[in-house]
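The next block holds one structure in the form of structure tokens; read it before the comments.
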Amino acid sequence: MPLEYSKNRILYLAFLIASQTLLSAIVLKYIYYFISPSPPDASLKFCLAYCAPPSLCFWCLEIIRFQKSVGSQESKGNASAVYNLDHARLNVVLPPEKMWMNMGYWIGTNDFQSACKELLKEVLEAAGFLTPVGHVKPLRAAKRTTILDLGFGCGDQSLYIISKLMRTPLELSLMDEAMARRSINRGVDAYVGITLDPTQFTFAQERLKVKGKLSHPLVHIFCADAGRTRTWPAELIKRVKALSMPSPTAKEGEDDVDCWVLALDTLYHFKPSRNPIFQYAHQELDASIMAYDIILSDNQSLLTRFVLHILGLFMGVPLFNFMTEREYRAKLVSAGYEDERIEIRDISEHVFAPLTKFLVRREKVLKKFGWGLGKLKAAKWLFGWWARSKVVKGVIVIARK
1 MPLEYSKNRI
11 LYLAFLIASQ
21 TLLSAIVLKY
31 IYYFISPSPP
41 DASLKFCLAY
51 CAPPSLCFWC
61 LEIIRFQKSV
71 GSQESKGNAS
81 AVYNLDHARL
91 NVVLPPEKMW
101 MNMGYWIGTN
111 DFQSACKELL
121 KEVLEAAGFL
131 TPVGHVKPLR
141 AAKRTTILDL
151 GFGCGDQSLY
161 IISKLMRTPL
171 ELSLMDEAMA
181 RRSINRGVDA
191 YVGITLDPTQ
201 FTFAQERLKV
211 KGKLSHPLVH
221 IFCADAGRTR
231 TWPAELIKRV
241 KALSMPSPTA
251 KEGEDDVDCW
261 VLALDTLYHF
271 KPSRNPIFQY
281 AHQELDASIM
291 AYDIILSDNQ
301 SLLTRFVLHI
311 LGLFMGVPLF
321 NFMTEREYRA
331 KLVSAGYEDE
341 RIEIRDISEH
351 VFAPLTKFLV
361 RREKVLKKFG
371 WGLGKLKAAK
381 WLFGWWARSK
391 VVKGVIVIAR
401 K
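At position 55 of the sequence shown (counting the first as 1) the number is 55 in full-length UniProt numbering, and the numbers step up by one without a gap.
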């Protein structure tokens, strides 16, 4: 049984004993007074004499019940038994080495961290940054390539991109810049990340500093609302605009910049909608978009849509952010992207069902230690419903400029 449970139980017993003793004393005192009025000392002695035995018996019975309760819990191996698995808290490595948080791409793995990384790699592969075996494509080295990452969370995807894809300042300084782009198979020259949650931002910032990633002159991260471009501070706007600027060696009129906006499992949260960032990406940055997003399946009833919208409010999803593929394409086209250059690929079967199974397994393991999924318990149910009903689809979206 955990120590806090034992303490609460003892306090509860003490309260019962004290209250029972006091109540018995008061009742018996007044009964004795009405039967045979006497001086206070005699009355008090009577109460002590007649209250002590029943109070003592009550106290002994409660102790026996308490011991039996503890014994039965220990024999069952319950997490609430004394000195069971509660000390697991002392053995958990904190802070965690990884803090991934997306729905994952569950092919060839049952591990959450691996699935999350695979989802990022799948999006990067669809955009042409990686080969199917995870290598950087040499062709991407022909242009100055930049990434604006919308919603980097605790920094795991930032670490992957900076470590695996970015050219280091040393690599660029060893040779002429144009030659470097054709000689080194590392496709990203500059990275700017934005995340909304201050706690996650601070956590990510500390991790990136410790690993030396923020020392790169072309790596910048900010805490801001990625979906509300008009609220961005001046320094963020400056860094973002620089992502689409041609290199100093570019010839006049030459488009030597390949700017990409990455949104990994974040766009459906954007308020008031995705539209502002779609328009900003195309009109202000002349950028392509690569994303994992959630869309509404076709031919859903009004009732199903209504239920989904209501649930979306609890998920932090704006009312009209659930839309069909046709509606999604229309939004991208209205922002300036050509329909034939938009790819939307359904990967739902490798997302919702395996993620739900993982959450079920993880919940069972956590229960052994007296823990739970916390806020993610509702997410487990929701992902399970999505897997069964197919009311929504998890898709990879590529919109090329």
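In this text, a Cβ means the ideal position worked out from N, Cα and C, and glycines have one as well.
It should be emphasised that the depicted structure is a prediction, and the values quoted were computed from it without experimental measurement.
A distance below 8 Å between beta-carbons, with the five flanking residues on each side excluded, links Gly336 to the following residues of its chain, in chain order: Gln279, His282 and Gln283.
In the three-state reduction of the DSSP assignment, Ile347 falls in the coil class.
No Cβ-Cβ contact shorter than 7 Å links Asp111 with Arg144.
Judged by DSSP in its simplified three-state form, Trp371 adopts coil rather than helix or strand. Take Phe383, set aside five residues on each side of it, and the residues of its chain with a beta-carbon closer than 6 Å to its own are Phe352, Leu355 and Thr356, in chain order. In the three-state reduction of the DSSP assignment, Cys116 falls in the helix class, which pools H, G and I.
Taking every protein chain shown into account, the CB of Arg207 has 16 or more other CB atoms within 10 angstroms, so this residue is buried.
Here Glu122 is buried, its C-beta having at least 16 other C-beta atoms within 10 Å. When C-alpha distances from Lys271 are compared across Val257, Ile310, Arg341 and Leu319, the shortest belongs to Leu319. Boundaries for Met99: no alpha helix (DSSP H) harbours it, and the DSSP string shows neither H nor E there. In the structure shown, Gly193 adopts extended strand secondary structure according to DSSP, grouped into three states. Spatial neighbours of Asp149 in its own chain (CB-CB distance under 6 Å, excluding positions within 5 residues in sequence) are listed in chain order as Gly193 and Leu262. Ranked by Cα distance from Ala224, the options Leu196, Lys241 and Thr304 are led by Leu196.
For Thr145, the enclosing beta strand (DSSP E) stretches over residues Arg144 to Leu150. With a threshold of 16 other beta carbon atoms within 10 Å, Trp381 falls short and is exposed. Counting every other CB atom within 10 Å of its CB across the protein chains shown gives Met245 a total below 16, marking it as exposed. Only buried fits Phe152, as 16 or more other CB atoms lie within 10 angstroms of its CB. Look at the region 273–356 and you find these whole runs of beta strand (DSSP E), each 3 residues long or longer: 288–296 and 342–346.
Sixteen is the threshold: when 16 or more other Cβ atoms of the shown chains lie within 10 Å of the Cβ of Lys393, as they do, the residue is buried. Non-local beta-carbon contacts of Ala204 in its own chain, meaning distances under 6 Å to residues more than five positions away in sequence, involve Cys154 and Gly155 in chain order.
Taking the C-beta atoms as reference points, Asp293 is found no nearer than 7 Å to Thr324.
By the neighbour-count criterion, in which a residue is buried when 16 or more other Cβ atoms sit within 10 angstroms of its Cβ, Asp339 is exposed.
The C-beta of Lys213 has 16 or more other C-beta atoms within 10 Å across all chains shown, which makes the residue buried. Here the alpha carbons of Leu218 and Phe306 stand approximately 45 Å from one another. By the C-beta density criterion, His87 is exposed, having fewer than 16 other C-beta atoms within 10 angstroms. Proximity to Asn91 across Phe369, Ala378 and Ala399 peaks at Phe369, based on C-alpha coordinates. Beta-bridge annotation (DSSP): Met166 is paired with Val188. A distance of 7 Å or more separates the beta carbons of Leu296 and Phe314.
Rounded to the nearest angstrom, the Cβ distance from Gly312 to Ile277 is 18 Å, too far for a contact under 8 Å. Per DSSP, reduced to three states, the secondary structure at His87 is helical. 7 Å or more divides the Cβ of Leu119 from the Cβ of Gly108. By the criterion of a C-beta distance shorter than 6 Å, Glu363 is surrounded in its chain by Leu373, once the five residues flanking it on both sides are discounted. Taking a C-beta distance under 7 Å as the contact criterion, Val391 and Ile344 do not qualify as a contact pair. In the structure shown, the three-state DSSP call for Ala387 is helix. Only residues of its own chain outside the window of five on either side were considered, and among them none has a CB closer than 6 Å to the CB of Asn84.
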